[in-house]
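Just below is one structure, and these are the notes that go with it.
Numbering (my numbering), first residue to last: 90 to 585.
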């Protein structure tokens with residue numbers, strides 16, 4: 090009854106912090122209203138990436154799973170790559186030497202609008218509008234509005250250009266100077282030196298980074314190709330964080346708790362807060378950034394609980410708000426979640442060697458890091474996951490929830506593919522979505538996004554060519570040696 094009451098409290102008030110050490114529960118409300126913020130996820134980082142807020146560098150070396158807010162800017166260095174993941178599964182990807190700004194972010198669960206400004210470089214956008222979301226992407230002298238689920242490339246390196254791979258865009262010029270539609274396999278350029286404000290072409294010129302975008306899609310699709318029904322009770326079943334959990338662990342129905350998620354490859358000594366970072370956001374305060382590749386949803390909604398078999402995560406309030414640190418219910422005796430040392434980040438950074446004065450590393454060793462380890466990013470896939478067959482809970486055998494094929498995904502050759510108009514792992518239509526929002530012209534935002542400052546780009550700076558990593562090779566195990574034949578039976582008769 091005690092835990093059911095806590096579970097109900099967490100479901101309806103996801104901002105409440107409840108820490109249970111032994112049998113005592115401590116629940117407090119955070120001072121900041123971060124749970125009301127519109128938040129998106131920095132889902133993938135490679136190389137050097139910075140996060141800025143209102144033009145000021147907040148984190149000089151970003152890591153995956155960091156939250157981004159309104160007016161956050163992401164900038165990649167010459168060796169940097171970044172992927173921003175929205176709550177509906179839409180993504181924006183930055184190649185090296187590029188930057189974008191989140192001018193406006195819609196709140197979780199709201200049918201609002203998200204405004205993005207590409208301020209420099211080359212980026213890819215895969216945007217879903219099937220649930221009523223509206224996107225506006227500022228690209229040089231124009232703003233692009235997806236009219237259906239759309240995948241496109243935007244380039245500010247030289248002459249601003251937009252290339253549509255799938256779907257359709259409605260494009261408006263600044264101050265209503267022009268308007269045009271760009272459909273699949275078309276591209277449009279905005280050359281200020283030309284007589285016309287734009288040039289529409291019926292072709293798309295390939296770029297080496299197109300392969301990178303496809304490779305990122307393939308990685309995400311492999312994690313999303315099968316899913317459980319654990320997300321169905323959530324207010325945000327379309328959140329791609331559920332795909333991470335289905336791919337990297339198992340769900341078990343536990344009496345009194347509902348479905349409980351347990352990550353793969355860990356034992357009872359594993360610590361959910363044993364590897365990650367404390368990030369100091371000037372507006373929203375201290376935020377936990379998990380170092381585990383799946384570590385988004387389980388640290389910003391729901392609660393962790395320690396069972397006889399070890400740690401498990403219980404969903405609750407997901408899609409209804411955002412918590413900066415997360416909740417612990419029961420914990421092992423004498424367990425203490427790592428905290429920022431007295432004196433704050435400035436003093437702690439002198440001894441903990443973080444990669445930013447606002448980012449404090451927490452690392453309790455290999456056992457806490459689990460099977461992924463530092464630097465693994467989001468490359469953990471279900472191909473390497475060792476899923477459990479069952480759990481033993483006080484004499485009761487718990488079987489995991491079954492997986493089913495995700496809608497909208499198929500296989501073509503050795504790559505996963507998606508149905509037309511579908512971003513990886515996101516069906517064209519979900520239960521409760523209205524048919525009139527499944528494609529066709531979407532209503533434009535009531536206002537256009539402001540003109541973002543365009544970062545100057547030196548003409549001598551060139552973008553590195555993307556080289557795809559070698560495909561993983563899976564060696565077949567060597568055949569077992571045949572056992573020696575049994576000795577012949579002894580001859581009949583009296584031995585000599």
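Backbone N, C-alpha and C fix where the C-beta goes; we use that ideal spot for every residue, glycine too.
- According to DSSP, residue pairing for residue 144 in a beta bridge does not occur.
- CA-to-CA, the gap between residue 403 and residue 350 works out to about 7 Å.
- With contacts defined as CB atoms closer than 7 Å, residue 239 and residue 216 qualify as a contacting pair.
- The beta-bridge partner set that DSSP reports for residue 155 consists of 131.
- For residue 215, the beta-bridge partners assigned by DSSP are 180, 240.
- Excluding the 5 residues flanking it on each side, residue 175 has same chain C-beta neighbours closer than 6 Å at 129, in chain order.
- Within the segment 283-366, the complete beta strand (DSSP E) segments of 3 residues or longer fall at 288-290, 338-343, 347-352, listed in chain order.
- By the CB criterion at 7 Å, residue 195 and residue 206 fall outside the cutoff.
- For residue 342 and residue 355, the gap between their C-alpha atoms comes out near 19 Å.
- Pairing residue 364 with residue 458 gives a Cβ-Cβ distance under 7 Å.
- In its chain, beyond the 5 residues on either side, 139, 140, 155, 368, 445, 447, 448 have a beta carbon closer than 8 Å to the beta carbon of residue 148.
- Annotation: residue 278 is outside any alpha helix (DSSP H); the continuous beta strand (DSSP E) that includes it extends over 276-278.
- The beta carbon of residue 387 lies closer than 6 Å to those of 402 in the same chain, with the five residues before and after it left out.
- Beta-bridge partners assigned by DSSP to residue 400: 395.
- By the C-beta density criterion, residue 291 is exposed, having fewer than 16 other C-beta atoms within 10 angstroms.
- The criterion of a C-beta distance shorter than 7 Å is not satisfied by residue 135 and residue 162.
- The beta-bridge partner set that DSSP reports for residue 224 consists of 203.
- In the DSSP assignment, residue 455 falls within the alpha helix (DSSP H) that extends over 455-458.
- It is roughly 17 Å from the alpha-carbon of residue 394 to the alpha-carbon of residue 377.
- In the displayed model, residue 386 falls within a helix according to three-state DSSP.
- Three or more beta-carbon pairs drawn from the segment 212-232 and the segment 277-296 are found closer than 8 Å, and the two stretches are therefore classed as touching.
- In the three-state DSSP reduction, residue 168 falls in the coil class, being neither helix nor strand.
- In terms of Cβ geometry, residue 359 and residue 490 do not form a close pair [threshold 7 Å].
- Closest in C-alpha terms to residue 272, from the list 366, 346, 242, comes 242.
- Under DSSP, residue 377 shares a beta bridge with 367.
- Here residue 406 is near residue 390, since their CB atoms are less than 7 Å apart.
- A Cβ-Cβ contact shorter than 7 Å links residue 185 with residue 167.
- Between residue 336 and residue 352, the gap from beta carbon to beta carbon reaches 7 Å or more.
- For residue 479, there is no enclosing beta strand (DSSP E), since its DSSP letter is neither H nor E.
- Residue 264 sits in a helix when the DSSP states are folded into three classes.
- Look at residue 270 here: in three-state DSSP terms it is strand.
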